[in-house]
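Here the structure comes first, spelled out in structure tokens, and everything after it is commentary.
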Amino acid sequence: MSVSIATPGPRLLGRLRLALGLRGVPWIALLVLLLVLICAAGGEAIAPNDPNDLDLGAAFRPPVFELGGSFATPLGTDNLGRDLLSRIMGGARVSVIVAFYAIILSGSIGALAGMASGYFGGMIDTLIMRLVEIQQSVPSVALALILAAALSPGLTTVIVVIALTYWAWYARIIRGEVLSLKTRDYVAYARVAGVGTATIFLRHLLPNILNTLLVLATLQVGQVILFEASLSFLGLGVQQPDVSWGLMLSDARQYITHAWWPITMPGLAIMLTCLSANIVGDWLRDRLDPHLRQL
Amino acid sequence: MLQIESLTKHYQTRRGTVRAVEDVSFGIGEGETVALVGESGCGKSTIAKLVLLLERPTSGRVLFEGNDVRRLDRSALRAYRRTVQAVFQDPYSSLNPRMRVGAIIAEPIMAHAQLSRTDLQREIARALDVVGLPQTASRLYPHEFSGGQRQRVAIARALALRPRMIVLDEPVSALDVSIRAQVLNLLADIQREFTLTYLVIAHDLALVEHFSTRVAVIYLGRLVEAGPTREVFAAPRHPYTRALLDAVPIPDPDHPLAVSEQAGEPASALDPPPGCHFHPRCPLALAICRETAPILMGDRHQAACHLLTEEPAR
Amino acid sequence: MRLLQVRDLQTHLHLRRGVLRPVDGVSLDVDEGETLGLVGESGSGKTMTGLSLLRLLPKGAGRIAGGSIQLDGRELTSLSEREMARSVRGRLIAMIAQDPMTSLNPVWSIGTQVMTPMRVHGIESGARLRAAAAEILRRVRIPSAEKRLPDYPHQFSGGQRQRIVTAMAIGSSPRLLIADEPTTALDVTIQAQIIALLRRIQTETGAGIILITHDLGVAASLCHRIAVMYAGRIVEQGPVRSVYRKPAHPYTQALLAAIPRLGAGSDRLTAIPGQPPSLAELPSGCRFAPSCPHRMAVCDTYPPETEIGDDHRAACWLHARPN
């Protein structure tokens with residue numbers, strides 16, 4: 014007795030190709046993110062000028078479209094004559110590194126905590142959720158201050174602070190997902206078949222929360238970059254001579270009445286990156302969810 | 005082969021104690037197909053979960069070949085898991101959408117033994133063959149199959165460990181009518197071929213009559229009637245069984261349903277009526293029914309009702 | 123004049139993966155006081171047919187591509203959306219959806235939910251609204267109806283919720299009631315009560331009822347006439363006795379043979395091989411042919427509807443008369 018099988022749908026790669034070919038793809042947002050990644054990878058090598066190259070004679074040169082601007086420094090220069098465009102490109106690296114490590118760290122801790130909390134319930138759940146609540150009631154900036162005092166300020170501190178701040182958010186959401194996944198029949202079946210708990214986590218829970226994690230991570234990129242910028246702005250993050258968007262904001266703060274561009278340009282960079290990340294995150298969520306619902 | 009003794013399960017919730025299963029006892033012999041019937045919330049699915057060790061009983065025992073399953077040591081427990089398998093109701097949530105069919109069928113095998121790749125492929129191929137799916141199916145994902153085909157995959161998975169007993173929780177209620185027949189015939193065939201014992205949870209009485217040798221009727225957590233299917237359906241001894249049978253619409257226009265609108269609603273398991281749970285809806289209720297719960301009477305065909313006058317069940 | 127006359131109705135769904143034709147040339151009639159059972163399995167198009175009568179199709183994707191729907195002689199396909207909403211939906215044609223758990227809004231009292239359609243359609247107003255709502259709840263046998271008007275859906279059982287939904291539907295005394303699987307989500311004893319309720323409502327109001335279901339037992343208990351749907355078309359229709367006793371179309375025969383019946387013993391059920399065709403790729407010939415035991419070469423062309431007995435028709439070459 015043979016049974017015919019329904020026409021197989023496109024596999025993952027095929028699905029991706031289909032996805033990119035359809036309307037509704039946020040091309041511009043993706044392009045922006047790609048540019049940021051390129052800058053992060055290339056860094057100083059591809060910047061038109063050395064981000065730390067002082068040229069006091071060229072200080073406060075306006076952007077190219079204003080009077081007195083020049084193509085050599087298309088976005089203008091800051092108070093020390095450093096090319097803003099190159100500094101933004103250099104600063105991209107910090108943002109990307111921080112975003113990458115912080116998100117991976119907070120995502121992993123949060124996902125593990127959420128999975129354990131949701132799957133095991135009982136005391137473990139209560140304990141983890143209490144930790145989450147404590148975490149979320151501590152103001153993140155205060156936490157940053159304390160940690161920066163304890164450790165020395167710098168990139169590592171920023172990453173640690175962000176990870177400690179955001180894991181709770183992941184944990185809560187993943188816990189919710191796992192609570193509903195736990196009741197799926199295939200999880201019950203795995204228990205009936207005698208599959209071990211670790212395998213259930215890896216094979217049944219994790220792949221099915223991967224989508225959610227992915228979307229959460231992209232939505233977080235914006236938040237993380239902003240946070241890093243705030244920390245650096247407060248002097249708790251990246252220190253001179255390293256470049257960071259937050260530092261640029263902090264440096265330019267005092268000259269706002271003198272020149273609008275040293276603070277606006279990095280501000281725009283931050284805004285565009287966050288916006289693009291959010292748009293891509295939204296798009297990913299729409300793409301991945303209904304697809305699964307259709308199945 | 006499987007004996008359930010005074011099995012009880014209470015759930016503590018915010019609103020009180022839910023008495024899902026109350027002092028239920030029955031046995032399943034080798035090769036039999038025993039059906040648990042009842043309406044939603046009666047506890048039949050809970051009994052299935054207790055047998056499958058997905059839940060812990062509040063009291064009572066589940067005995068497999070004489071041994072209390074809760075007292076099995078690790079290796080005996082693993083043996084139990086190999087011997088007693090399950091097929092669930094919903095073909096859409098019983099298969100992990102991210103796993104290929106081959107991996108899904110291999111999962112139980114891998115949990116118990118380390119087979120070589122060729123041996124594994126052979127087992128998967130055998131399982132697919134038994135349920136009538138082509139070999140190419142093992143590389144596909146669940147969403148590429150129809151409901152009936154997915155249920156076949158679930159059956160293949162249950163057979164992978166060569167169990168002796170399968171617990172089937174509403175195996176066809178989520179399927180289309182014409183597909184149900186296919187799957188039921190398949191289940192009957194493999195039962196014959198592999199000498200399997202089935203515990204079926206169902207609410208469709210016609211299906212139960214067609215498919216099972218013995219039936220146990222559950223109402224609000226209590227066993228109210230049990231016996232050989234044909235006998236119980238032809239001559240039901242408990243008023244609830246009679247009410248259930250009367251309520252089944254027959255696909256024959258010359259025998260339309262003759263039920264009044266006032267047959268009443270089932271009570272909740274949070275606050276069951278005292279005495280016999282069924283007394284508020286029973287047309288034959290006596291004063292004693294409100295006070296004392298009846299005990300099972302009879303031998304092969306048992307029922308728990310004060311109106312019966314017989315020897316209490318052993 | 124018939125209450126409802128549908129001729130060659132076609133509804134298309136425009137989806138990303140193609141155009142589905144769940145209703146592909148459906149013609150049916152319903153008289154006053156008559157219950158027509160629309161029987162079929164999932165994917166047959168029966169729910170879409172019901173929704174098409176109310177023009178409640180998925181926004182943008184679904185549209186009626188052809189055919190006519192006449193209610194009391196009035197053509198519905200040419201009405202504007204406003205006219206449909208104002209005078210037809212909930213007034214002339216009402217619908218009882220499948221799942222009573224989700225048809226009722228959990229945050230509104232049942233009084234509000236029963237009163238709203240009556241108010242919107244101008245049946246009652248002001249003080250008389252409450253009395254009318256209580257009256258209609260009494261008619262569907264909700265005990266202490268007046269006192270329970272402020273209660274919320276979760277305070278009622280499944281069967282009672284289905285009665286409340288029925289009350290909402292009949293509040294405006296519709297001419298036609300479309301019941302989409304009204305008993306599927308209910309226990310069998312409650313199902314029996316709802317069947318009795320629908321029978322009584324029909325006798326009392328004289329409305330026509332279209333019962334959409336896959337359960338042949340429920341259909342036999344309620345319907346005067348049956349229409350069997352397969353892959354977007356009606357393959358057989360006629361008086362219920364006729365269709366059940368002498369099914370003419372092989373699909374109807376197979377369906378009747380595939381269901382277990384009480385008291386029938388445990389002979390093997392006759393399974394229907396294969397699956398229905400996808401609604402996106404409908405063949406030009408008979409759609410049941412691939413699964414049909416009587417398949418012939420001529421089945422590559424769609425068979426004409428042939429009259430078999432009194433008002434009993436089937437679309438099958440086995441019964442077609444030579445011209």
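Protein chains in written order, with the numbering used here: chain R, 14 to 308; chain P, 5 to 318; chain G, 123 to 445. Here a beta-carbon is modelled for each residue, glycine too, at the ideal position from N, C-alpha and C.
Taking all protein chains shown into account, Gln284(G) has 16 or more neighbouring C-beta atoms within 10 Å of its C-beta and is therefore buried. Straight-line spacing of the CA atoms in Leu308(G) and Ser294(G) works out to 25 Å. The C-beta distance from Val263(P) to Gln315(G) rounds to 7 Å, short enough to fall under 8 Å. Contact of Phe92(P) with chain R is assigned, a C-beta pair being separated by under 8 Å. When C-alpha distances from Ala289(P) are compared across Pro243(P), Pro167(P), Val134(P), Leu137(P), the shortest belongs to Pro243(P). Within the segment 293-366 of chain G, the complete alpha helix (DSSP H) runs of at least 4 residues fall at 310-327, 338-344. In this model, Leu163(P) and Ile254(P) are separated by some 34 Å (Cα to Cα). Here DSSP, grouped into helix, strand and coil, assigns Glu203(G) to helix. Within chain G, the residues placing a beta-carbon under 9 Å from that of Phe237(P) are Leu384, Gly385, ordered along the chain.
Using a Cβ-Cβ cut-off of 9 Å, Ala124(R) is close to nothing in chain P; its nearest Cβ partner there is about 16 Å away. Nearest to Met290(G) by C-alpha distance, out of Thr311(G), Thr325(G), Ser266(G), His243(G), is His243(G).
With 16 or more other Cβ atoms inside 10 Å of its own Cβ, Arg211(G) counts as buried. For His271(R), no chain P residue has a Cβ inside 8 Å of its Cβ, as the nearest lies near 57 Å away. The C-beta distance from Ile113(P) to Glu127(P) rounds to 6 Å, short enough to meet the 8 Å contact threshold.
Straight-line measurement puts the Cα of Ser142(P) at about 58 Å from the Cα of Pro254(R). DSSP, read as helix, strand or coil, puts Pro425(G) in coil. If you draw a straight line from the Cα of Ala105(R) to the Cα of Tyr274(G), it is about 56 Å long. Ranked by Cα distance from Ser177(P), the first of Arg168(P), Pro167(P), Leu209(P), Arg166(P) is Leu209(P). Shown in chain order are the members of the segment 193-204 of chain R whose Cβ falls below 9 Å from a Cβ of chain P: Thr196, Arg197, Asp198, Tyr199, Val200, Ala201, Tyr202, Ala203, Arg204. Taken in chain order, the members of the segment 210-233 of chain R whose beta-carbon sits within less than 8 Å of a beta-carbon on chain P are Thr212, Arg216, His217, Pro220, Asn221. Excluding five sequence positions before and after Cys438(G), the CB atoms of its chain that fall closer than 6 Å to its own CB belong to His371, Pro425, given in chain order. DSSP, reduced to helix, strand and coil, places Asn92(R) outside both helices and strands of the structure shown, so it counts as coil.
Under the rule that a run must span 3 or more residues, the beta strand (DSSP E) segments found entirely inside the segment 16-98 of chain P read 20-32, 37-41, 63-68, 88-91. Residue-level contact check: Pro278(P) does not touch chain R, since none of the beta carbons of chain R fall below 8 Å from its beta carbon. Judged by DSSP secondary structure, Thr224(G) falls within the alpha helix (DSSP H) whose first and last residues are 222-225. In this chain, the beta strand (DSSP E) harbouring Met217(G) covers 215-218. Contact annotation for Ser97(P) against chain R: Arg197, Asp198, Tyr199 [CB-CB distance below 8 Å, chain order]. Among the residues facing chain P, Val208(R) is included, as its CB has a counterpart in that chain under 8 Å away. In terms of beta-carbon proximity, Asn100(P) lines the interface with chain R, with at least one pair separated by less than 8 Å. Annotated as proximal: Gly188(G) and Gln132(G), with beta-carbon spacing under 8 Å. Under the DSSP assignment, Asp258(P) falls outside any beta strand (DSSP E); it carries neither an H nor an E label. For Leu6(P), the number of other beta carbons within 10 angstroms of its own is at least 16, and it is reported as buried. For Thr311(G), the chain P residues whose Cβ falls inside 7 Å of its Cβ are Glu43, Ala247, Leu248, Ala251, Ala267, in order along the chain.
Look at Met301(P) here: in three-state DSSP terms it is strand. Pairwise C-beta distances place the segment 40-49 of chain R in contact with the segment 283-300 of chain R, as three or more of them are shorter than 8 Å. For Phe84(R), the CB contacts under 8 Å within the same chain, skipping 5 residues up- and downstream, are Val77 in chain order.
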